[in-house]
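Same order as they appear, the protein sequences are chains C and Y.
1 is the number of the first residue of the first sequence in the working numbering; add one for each residue after it.
230 is the number of the first residue of the second sequence in the working numbering; add one for each residue after it.
A virtual CB, placed ideally from N, CA and C, is assigned to each residue, including glycine.
In this text, all values refer to a predicted model and were calculated from it rather than measured experimentally.
Below: the structure, in structure tokens.
Number of protein chains: 2
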Amino acid sequence: MARTSSKEVAAKAPKREAGWQAEKSAMTRTAILDAAMTCFIEIGYANTTTALIANHAGVSRGAMMHHFPSRMSVMKAVIAYLHELRLKEYLELMADIDMPDAQLTNKDIRNSVEMAWNYVNMPSFIAYQELLGASRTDPELKAVMEPVEKDFEKQFLQMAKSVFPHWQKLPALEPAHDLVQFLMKGMALSQMSTRRNARVKKVIDYLALILMEIYDESIESRLGDESAK
Amino acid sequence: MARTSSKEVAAKAPKREAGWQAEKSAMTRTAILDAAMTCFIEIGYANTTTALIANHAGVSRGAMMHHFPSRMSVMKAVIAYLHELRLKEYLELMADIDMPDAQLTNKDIRNSVEMAWNYVNMPSFIAYQELLGASRTDPELKAVMEPVEKDFEKQFLQMAKSVFPHWQKLPALEPAHDLVQFLMKGMALSQMSTRRNARVKKVIDYLALILMEIYDESIESRLGDESAK
DNA sequence: TAAAAAACAAGCAAGTTTGTTTGATTGTTT
DNA sequence: AAACAATCAAACAAACTTGCTTGTTTTTTA
């Protein structure tokens, strides 16, 4: 009673059917992971205590211990949770734009760059960075984080390729992709910069221009190769 | 006795003269700040306890409390310490290269980009990032960090301008500078990436190429303007 | 040289956080 | 209905960290 009123965990509780218990259990689990993620964003990884997570999730600490026997086990679960969430969010972001089958226009490129910027400004990105930062000096966390991070990069690149088939065969794809990703990360993590927004906007303008040039040059050289055959 | 043998704080202790106490005091102070910085790198900001700092510095906790009455006061001092250190390191890095007065060559640009990469791989950068990361969710720390960060960016840009007078009058300077800095930061903070070194190398190649193009175009347009006059 | 100031060492008390236990309540499945 | 799973509540000890306090030593100054 006090639980549901405080946080309304059961947002859309299914009617009582067979096997509801499992669903309910999964819901609390998700509520806990979601609460942990929120705590990361609001107070950072290090200050996120088990009691705070439980409070935020509207769950007793005892109940939480039932699902996750230790603080570390929660953190590990959040890593997996965020991994899936971030991939899902990327798909949703990409679903909004349908790329033309023909050549990319200036506007298309500009659009995708801005989307990449939006992506690193989502809450999930911040929470993920908190874990990544903590992993640097926490061996146990790092052991879990490292393969996840590598898998994320792999899947992320793969998805990018499928969304932009235009780049598919160009040798410049991977460096260009890295250029964008590293740059976005650097900008996202520079919260304290002076005139950040204006500077970011300018850099994004530049980036779009650069990508367009790379794209054009690659196209030309490809056409050159084909005609040379 | 146990102190000096454990860590050799007094690296080059001056002979006993008048006012030695002040120097010795400053040395312990520096030893503590240096120890804190090392701790940030090795175990992270959050796990850096006052006891650990004191141990690392070869100083008793009581002595440390005499210099810094609280943990936070140490952290604040480290911020100022790192601010100066990083500016000094940048100057030292730039002192190694003497730019020609004439136009920049491809090699010059390539060189400075690689130097920027070296810069974000120094210990001081990692330690600084630890503080920056902690500042995001710690208001008290943030209040100290924010003006320092802004001052650093300002001075950094200013130094860059004086080292590369060639860029001085080009309107493309600031976005190009930001492009480099944000990118370096993003790459430096991507420790867990697969094939990181190879990818970074490629991106740096690309960046050097891009900067060369920007530089050439700006030069041309400037010459164009002058001849138009 | 004697007094004052600075630097240092060691230990203690209060507060936090974690992981655990114990026991009760509620809801589900067979 | 009986067995079972999930949840909740409260309290506990152990470990850790912090800030403080009490002396001791060293250096400077009068």
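* Proximity winner among Y:V377, Y:F381, Y:I448 and Y:F393, relative to A324 of chain Y (alpha-carbon distances) -> Y:F393
* **CB contact flag (Y319 of chain Y, M388 of chain Y, <8 Å)** => yes
* Asked: Does D216 of chain C come within less than 8 Å of chain Y when only Cβ atoms are used?
  -> no
* Can you check the stretch 18-102 of chain C for any alpha helix (DSSP H) of at least 4 residues that lies completely inside it and give the ranges in chain order? => 20-43, 50-57, 61-67 and 71-95
* Could you check the C-alpha separation between Q410 of chain Y and R339 of chain Y for me, to the nearest Å? => 15 Å
* Asked: Going by the CB atoms, is the gap between E149 of chain C and M421 of chain Y shorter than 8 Å?
  -> yes
* Kindly indicate which three-state DSSP category S234 of chain Y falls into: helix, strand or coil? => At S234 of chain Y the pLDDT is 31, less than 50, meaning the model places this residue with poor confidence; the figure from the coordinates comes in the next sentence. Of the three classes helix, strand and coil, the one that applies to S234 of chain Y here is helix, per DSSP.
* To do: May I have the straight-line CA-CA distance separating E130 of chain C from P123 of chain C, to the nearest angstrom?
  => 11 Å
* **Simplified DSSP state of F381 of chain Y, which is helix, strand or coil** => helix
* S193 of chain C versus chain Y: which residues are under 8 Å apart at the beta carbon? -> E378, K379 and E382
* Nearest to L386 of chain Y (by Cα), restricted to the options Y:M374, Y:L370, Y:A405 and Y:K253 -> Y:A405
* Asked: Between V113 of chain C and the rest of its own chain, which residues show a CB-CB distance below 8 Å, the 5 nearest in sequence each way excluded?
  -> V180, I204, L207, A208 and L211
* Asked: Mind checking T278 of chain Y: buried by the 16 CB within 10 Å criterion, or exposed?
  -> exposed
* To do: Since I believe G186 of chain C is in contact with G415 of chain Y (beta carbons under 8 Å), could you give me their beta-carbon distance rounded to a whole number of angstroms?
  => 3 Å
* To do: Consult DSSP for N350 of chain Y and reduce its assignment to one of helix, strand or coil.
  => coil
* Determine whether the Cβ of N47 of chain C lies closer than 8 Å to any Cβ atom of chain Y. => yes
* **chain Y contact for D178 of chain C (CB, 8 Å cutoff)** => yes
* To do: List the residues of chain Y that P175 of chain C touches, going by C-beta distances under 8 Å, in chain order.
  => R428, K431, V432, D434 and Y435
* Asked: Distance, Cα to Cα, S73 of chain C vs A143 of chain C?
  -> 13 Å
* Cα-Cα separation, L93 of chain C to Y119 of chain C -> 8 Å
* **Test item: CB-CB of A46 of chain C and A134 of chain C under 8 Å** => yes
* **Test item: CB-CB of H295 of chain Y and I261 of chain Y under 8 Å** => no
* Within its chain, find whatever has a CB closer than 7 Å to the CB of R428 of chain Y; leave out the 5 residues flanking it on each side and keep chain order. => S422
* State the Cα-Cα distance for the pair K398 of chain Y and G273 of chain Y, rounded to the nearest angstrom. => 41 Å
* **Within-8 Å CB hit, M212 of chain C to chain Y** => no
* First and last residue of the alpha helix (DSSP H) that includes F393 of chain Y? -> Premise fails: F393 of chain Y is in no alpha helix (DSSP H) and is neither H nor E.
* Of the residues C:I53, C:Y81 and C:R86, the one placed nearest S70 of chain C, counting alpha carbons only -> C:I53
* Asked: Does DSSP classify Q181 of chain C as helix, strand or coil?
  -> helix
* **Environment of R365 of chain Y [buried if 16+ CB atoms lie within 10 Å]** => buried
* Can you tell me the Cα-Cα spacing of T105 of chain C and K201 of chain C, whole angstroms? -> 20 Å
* What does S461 of chain Y touch in chain C if you count any residue whose Cβ is under 7 Å from its own? -> As shown, chain Y starts at 230 and ends at 458. That puts residue 461 of chain Y outside it, with no answer to give.
* To do: Give the single residue among Y:T257, Y:P400 and Y:E369 whose Cα lies nearest to the Cα of A308 of chain Y.
  => Reading the sequence as shown, one finds Ile at residue 308 of chain Y and not Ala. If we check each option's Cα against that of I308 of chain Y, Y:E369 comes out closest.
* Asked: DSSP state of R110 of chain C, grouped into three classes?
  -> helix
* To which residues of the same chain is E216 of chain Y closer than 8 Å at the C-beta, ignoring the five residues directly before and after it? -> For residue 216 of chain Y there is no data in the structure shown, the boundaries of chain Y being 230 and 458.
* Check the Cβ-Cβ distances between I219 of chain C and every residue of chain Y, and say whether any is below 8 Å. => no
* Asked: Expressed to the nearest angstrom, what Euclidean distance is found between the alpha-carbon atoms of I270 of chain Y and I326 of chain Y?
  -> 28 Å
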